[in-house]
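S.K.: First, the structure itself, so that you have it in front of you.
Number of protein chains: 2
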Amino acid sequence: MKLGQATIKDIARELNVSSSTVSRALKDYPGISFETKKKVKDLAEKLNYRPNAIALSLRKSKSFTIGVIIPEVVHFFFSTVISGIEEVAFKNGYNVILCQTNEKLEREINCVETMLSNQIDGLLVSYSKETTDFSHFINLIDMEIPVVFFDRIPNIKNAVNVTVNDFSGGYQATKHLIDQGYRRIAHLAGPSNLAISKKRKEGYLAALSDSGISIDENLIVECPSANEKESFEICLRLFKDPINRPDAIFAHHDIVAAGAMMAIKSLGLRIPEDIGVVGFSNWQFASMIDPPLTSVLQPGIQIGEKATKILLEMIQNKDINHQEISNVVLDTELLIRKSSVKNY
Amino acid sequence: MKLGQATIKDIARELNVSSSTVSRALKDYPGISFETKKKVKDLAEKLNYRPNAIALSLRKSKSFTIGVIIPEVVHFFFSTVISGIEEVAFKNGYNVILCQTNEKLEREINCVETMLSNQIDGLLVSYSKETTDFSHFINLIDMEIPVVFFDRIPNIKNAVNVTVNDFSGGYQATKHLIDQGYRRIAHLAGPSNLAISKKRKEGYLAALSDSGISIDENLIVECPSANEKESFEICLRLFKDPINRPDAIFAHHDIVAAGAMMAIKSLGLRIPEDIGVVGFSNWQFASMIDPPLTSVLQPGIQIGEKATKILLEMIQNKDINHQEISNVVLDTELLIRKSSVKNY
DNA sequence: TTGTACGCGTTATCAA
DNA sequence: TTGATAACGCGTACAA
């Protein structure tokens, strides 16, 4: 018995018909006698025949595969996005091939190469923190390969972007802290080359402005690595001066917020009585820490679904009007928990 | 077909040589004049030539792709495993195609079909909670397609399994609680059809036994869904009776532990003073919750790496001795934090 | 040193 | 109603 899978040729040989007949019979093409059709289908069943997707790809110049490039899988938000992507792709008969960059530009370029070699029909990307030159993506777009950016979106002509309303998320978060009576609200900002960092910060600034609170540059600190350790240390410094210290923190995301909370606790300060805290993304742990963390919900699954739906549309209908879909912005929602409400 | 993807034929035509010459020149085959080689390579560079992986797959009957089937991406442990898988696969020039089952058997079978159609060279699997019949996997093994199971491993002849020592993890956790002076230790067990649930429970039982503590069946409760809500409710019931209530919890995993912690707090009990808690898997949030949760480290990245290395070995060397690698067990490590140490 | 021919699995096209 | 052929892109045995 031959290794591997039965092919159309195997069926044809065994039944003494041509492979085209088998192909047509299997696909219920008109003009095949009922008899032949039955013979073929029965044998196919018996041999456990399965069409070879690789051969199909070659024949049709279409791989039914979409590529996904993300910074890292081990990141709650990205894992939810992947989940949404996989879900929609699977339902539409597309495969997902996955590549993580570990936030390295070199690796990212390498991933794009791999994707190209593998003839992906389209690509979903959230680029790395190191990426400032987008030519490897622009090349793809120039080759007319559909590309959709999500979450971290570049400023590229003809790019299609899916993201949440980071500005409004930042605004909501900050406004909420103001409404709760906090006045010296610090912002732990994200890496400055990411548009999301800029947007969240702008939302923060706008909320302060709108409430007539003057902006104190000392209260805005960038967290380039955006991990809990970095944020812990930054906060220790930030809280050193008891006079000028902030009374609330709006963090770029929940991990940063968690680091801040640890710093606050380690200084013997109370959350939310002394310091209020709001995060971003609503990581899984947000509701489980103590006190539960108020956070801006960033609907990862929906982002993944939406981005994939758009990508599939672009793949299936090349003449789609890019202008209309070039910037999809999903709504955020503030999930209020104890970390920011004094009388919760 | 994507515009601008140059093929060997394009190069051949332009240079007035045969495509075999181009093919050979590109791969530095002997017997090609330096001159031709240079011409070909230069033009390839200029045209941005990239070998078509699909054509190569067909030609070589090898896809350089491995499939990964997991219950869900949005699960910290699995996301770490995927990360390890992707890392090793990428380094070895293999692609990763991903399929999640959402814990559904039907979907799982469907995923296997997809993988087969796509001619994966090998498969990594952690099966769904619903799966009790493994014939869809056994078929693969019978077809001599390399399959490696990780974390959730079946009892199948010739299967290759990679897992952590769940028994010893359960034992460590329980022993630690005993050493801390806890005596009425409850176990919130995982879904009963998973070997990992059984193993962790056996470790728990053995530790009690070895310490001469009698086993109270009322203190062992299964959590079939293993989410925080379920565990919260189970714990409320478990703690209703102030006389017979447990003084510690060993949970199947950290999410279950987190649910338990919420229940404990909501009843006004203190952790670890009144109730000690130990989880499993060391989810990312374990160190961030209050009090930080003692947990059994389950090295997901290493599991992913190890499983992939073994799979690639099986793919590249069909004559490998399965007996020797049929059961790889990685060590767990107990990370002791405040949730289980009264005088931390 | 280079070219020809074939096959990997499939299907569209034309011919019978 | 069915068959033969070519083509998708590539590599390679064989021929020149």
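If you read the protein sequences in the order shown, they are chains A and B.
First residue of the first sequence: 155, per our numbering; consecutive thereafter.
First residue of the second sequence: 155, per our numbering; consecutive thereafter.
Where is the CB? At the ideal position from N, CA and C, for every residue including glycine.
1. Under 8 Å, do B/Cys377 and B/Gly344 count as touching if we go by C-beta distance?
2. Which residues does DSSP list as the beta-bridge partners of A/Phe304?
3. Please list, in chain order, the chain A residues whose beta carbon lies closer than 7 Å to that of B/Ala207.
4. Nearest by alpha-carbon distance to A/Asp275: which of A/Gly185, A/Gly413, A/Lys419 and A/Val250 is it?
5. Evaluate the contact criterion for the region 413-429 of chain A versus the region 457-469 of chain A: three or more CB pairs, one atom per stretch, below 8 Å.
6. At least one CB of chain B closer than 8 Å to the CB of A/Leu451: is that the case?
7. For A/Asn249, which of helix, strand or coil comes out of DSSP?
8. May I ask you to report which of helix, strand or coil DSSP gives B/Thr486?
9. Kindly identify the DSSP beta-bridge partner or partners of B/Val176.
10. Can you tell me which of B/Val410, B/Ser379, B/Phe303 and B/Asp428 puts its alpha carbon nearest to the alpha carbon of B/Ala313?
11. Check for me: the beta strand (DSSP E) holding B/Thr219 runs from which residue to which?
12. Looking only at its own chain, which residues have a Cβ that is under 7 Å from the Cβ of A/Ile165, when we skip the five neighbours before and after it?
13. Mind listing the chain B neighbours of A/Ile236? Cutoff is C-beta to C-beta under 7 Å, in chain order.
14. Flag this pair as touching only if the region 344-354 of chain B and the region 384-397 of chain B have three or more C-beta atom pairs under 8 Å; answer yes or no.
15. Quick one: what's B/Asn481 bridged to in DSSP?
16. Beta-carbon within less than 6 Å of A/Pro446's beta-carbon, same chain only, minus the 5 sequence neighbours each way: which residues are those?
17. At the level of alpha carbons, what is the spacing between A/Val242 and B/Val266?
18. Pull out every residue of the region 405-417 of chain A whose Cβ sits closer than 7 Å to any Cβ of chain B, in chain order.
19. Please tell me whether A/Val250 has its Cβ less than 8 Å away from any Cβ of chain B.
20. Quick one, are the C-beta atoms of A/Gly366 and A/Phe434 less than 8 Å apart?
21. Please decide whether B/Val431 counts as near chain A, where near means a Cβ-Cβ distance under 8 Å.
22. Once DSSP output is grouped into helix, strand and coil, what is the label at B/Ser379?
23. In or out: B/Glu189 buried (at least 16 other Cβ within 10 Å) or exposed?
24. Output yes or no for whether 8 Å exceeds the beta carbon distance between A/Leu277 and A/Ile223.
25. DSSP three-state call for A/Val171: helix, strand or coil?
26. Whole angstroms is fine: what's the gap from A/Arg399's alpha carbon to A/Ser289's?
27. To the nearest angstrom, how far is the alpha carbon of B/Ile369 from that of B/Gln273?
28. Chain A beta carbons: is any one of them nearer than 8 Å to that of B/Ala160?
29. Curious, which full-length beta strand (DSSP E) runs of at least 3 residues does the region 338-374 of chain B contain?
M.R.: By the coordinates alone:
1. For the purposes of this step, residue 377 of chain B is taken as residue 223 along the second sequence, with counting starting at 1. For the purposes of this step, residue 344 of chain B is taken as residue 190 along the second sequence, with counting starting at 1. The answer is yes: Cβ separation under 8 Å.
2. Indexing the first sequence from 1 puts residue 304 of chain A at position 150. BP columns for A/Phe304 point to A/Val316.
3. Here residue 207 of chain B is taken as the residue at index 53 of the second sequence, counted from 1. Those are Ser271, Asn272 and Gln273, listed as they occur along chain A.
4. Locating residue 275 of chain A in the first sequence gives position 121, where the first residue counts as 1. Checking every option, the nearest Cα to that of A/Asp275 belongs to A/Val250.
5. no
6. Numbered from 1 along the first sequence, position 297 holds the residue referred to as residue 451 of chain A. Taking Cβ atoms only, chain B never reaches closer than 8 Å to A/Leu451, which makes this a no.
7. Counting from 1 along the first sequence, the entry for residue 249 of chain A is found at position 95. Three-state result, A/Asn249: strand.
8. By one-based count along the second sequence, residue 486 of chain B stands at place 332. B/Thr486: coil per DSSP, three-state reduction.
9. The sequence position of residue 176 of chain B within the second sequence is 22, counting from 1. Per DSSP, none; premise fails for B/Val176.
10. Taking the second sequence and counting its residues from 1, the one referred to as residue 313 of chain B is at position 159. Comparing Cα positions, the closest option is B/Phe303.
11. For the purposes of this step, residue 219 of chain B is taken as the residue at position 65 of the second sequence. Start and end: Thr219 to Ile224.
12. By one-based count along the first sequence, residue 165 of chain A stands at place 11. Excluding residues within five positions, the ones whose Cβ falls inside 7 Å are Val176, Val194, Leu197, Ala198, Leu201 and Tyr203.
13. Along the first sequence, one-based indexing puts residue 236 of chain A at 82. Per Cβ cutoff of 7 Å: Val227.
14. no
15. As a first step, residue 481 of chain B is located in the second sequence; it is residue number 327 there, counting from the start. Bridge partners of B/Asn481: B/Asn315.
16. The residue labelled residue 446 of chain A in the question sits at position 292 within the first sequence. The residues are Arg491 and Lys492.
17. Residue mapping note: residue 242 of chain A aligns to position 88 of the first sequence, counting from 1. Residue mapping note: residue 266 of chain B aligns to position 112 of the second sequence, counting from 1. So the two alpha carbons sit approximately 18 Å from each other.
18. Ala412
19. For this step, residue 250 of chain A is matched to residue 96 along the first sequence. Answer yes: the Cβ-Cβ gap between A/Val250 and chain B drops below 8 Å somewhere.
20. Within the first sequence, the letter at position 212 stands for residue 366 of chain A. Within the first sequence, the letter at position 280 stands for residue 434 of chain A. Contact: no.
21. Taking the second sequence and counting its residues from 1, one reaches residue 431 of chain B at position 277. By this cut-off, B/Val431 is not an interface position.
22. To locate residue 379 of chain B, count along the second sequence from 1; it is residue 225. In this structure, B/Ser379 counts as coil in the three-state DSSP scheme.
23. For the purposes of this step, residue 189 of chain B is taken as the residue at position 35 of the second sequence. In the assembly as shown, B/Glu189 is an exposed residue. Its beta-carbon has fewer than 16 other beta-carbons within 10 Å.
24. Start at 1 with the first residue of the first sequence, and residue 277 of chain A comes out as number 123. Start at 1 with the first residue of the first sequence, and residue 223 of chain A comes out as number 69. The answer is yes: Cβ separation under 8 Å.
25. Taking the first residue of the first sequence as position 1, residue 171 of chain A is located at position 17. Correct three-state label for A/Val171: coil.
26. Counting from one through the first sequence, the residue named residue 399 of chain A turns up at place 245. Counting from one through the first sequence, the residue named residue 289 of chain A turns up at place 135. Approximately 43 Å between the Cα atoms of the pair.
27. Within the second sequence, the letter at position 215 stands for residue 369 of chain B. Within the second sequence, the letter at position 119 stands for residue 273 of chain B. So the alpha carbons of these two residues sit roughly 50 Å apart.
28. Residue mapping note: residue 160 of chain B aligns to position 6 of the second sequence, counting from 1. So no, B/Ala160 is outside the interface.
29. 339-343
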